[in-house]
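Here is the structure we will look at.
Residue numbers (this note's numbering): -8 to 273.
Written as structure tokens, this is what we have:
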């Protein structure tokens, strides 16, 4: 059963904790995908004057991303930061101090809360992996509870907007603990439009109460798009090909732990040589 879950990572998958592989961050084409850039600006919305709403924030600027909540009475989106939100060294690295939090306003709701960006410098025709960590809590409505509606869309770029759909997935994380998700796609051009969303459709007078486990929210971290075929063919990468070919080969398991290569090794590993990292089946 465990082997089947790991093999599913090559297509579309939701994997258990500690399944995120140790590919170098330099291979990631998503800007600020780990949300560790501290040059963001967020503030409590002007209408949130009571406790605990006066502890909720909304982003004004987030490096690398565009955010849209549909208005403060639909929801907000902000960075959770500090020791309380630091990684535990298992699913999230210990040095990971921040992640993105989507929050549906607890009474009104009519549209989605979004974080998106145009990811650039892909090689057309090359296969890529999109992976990320995600958690979601659906909250119970006082009068009714709509079906969960959250996930991501990956599209071609039409000007500065999303164009033709490439791939999408929804409702992949049932529970309040983050899970690792991975999806593969073939780049149609040198850029793609990536969007994450949380739908808030509880409606007027469907109060879900004060912030607790009944709240509607989604957490997102460590968003990456990287090539399954190695580093991008930038001039610097081309110049280093010969050096990389002479570099020692190292193997890591899917928990990021370096292992000694042996003839009896079976399963999926990360093969790293110089600046190149790829998944291999042994």
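Think of the CB as a built atom: it goes at the ideal place given N, C-alpha and C, for glycine as much as any other residue.
Item	Value
Check whether residue 118 and residue 158 have beta carbons under 8 Å apart	no
Given 8 Å, three or more beta-carbon pairs between the segment 181 to 201 and the segment 132 to 151	yes
Inter-residue spacing [alpha-carbon to alpha-carbon] between residue 29 and residue 55	12 Å
Own chain residues within Cβ distance below 8 Å of residue 79, not counting five before or after	85
Inter-residue CB distance, residue 48 and residue 69 (contact presumed, cutoff 8 Å)	4 Å
Rounded C-alpha distance that separates residue 139 from residue 113	32 Å
Where residue 217 falls: helix, strand or coil (DSSP)	strand
Coil, strand or helix - residue 98 by DSSP	coil
Local Cβ density within 10 Å of residue 107, reported as buried at 16 or more and exposed below that	buried
Enclosing beta strand (DSSP E) for residue 69 [first to last residue]	66 to 72
8 Å contact criterion, which residue 129 and residue 207 should meet: CB distance rounded	6 Å
Residue 212 beta carbon less than 8 Å from that of residue 133	no
Helix, strand or coil at residue 27 [DSSP, three-state]	coil
Backbone secondary structure at residue 75 - three-state DSSP	helix
Residue 65 vs residue 39 beta-carbon contact at 8 Å	no
Whole-Å CB distance - residue 143 paired with residue 126, under 8 Å assumed	With a Cβ gap of about 14 Å, residue 143 and residue 126 do not count as contacting.
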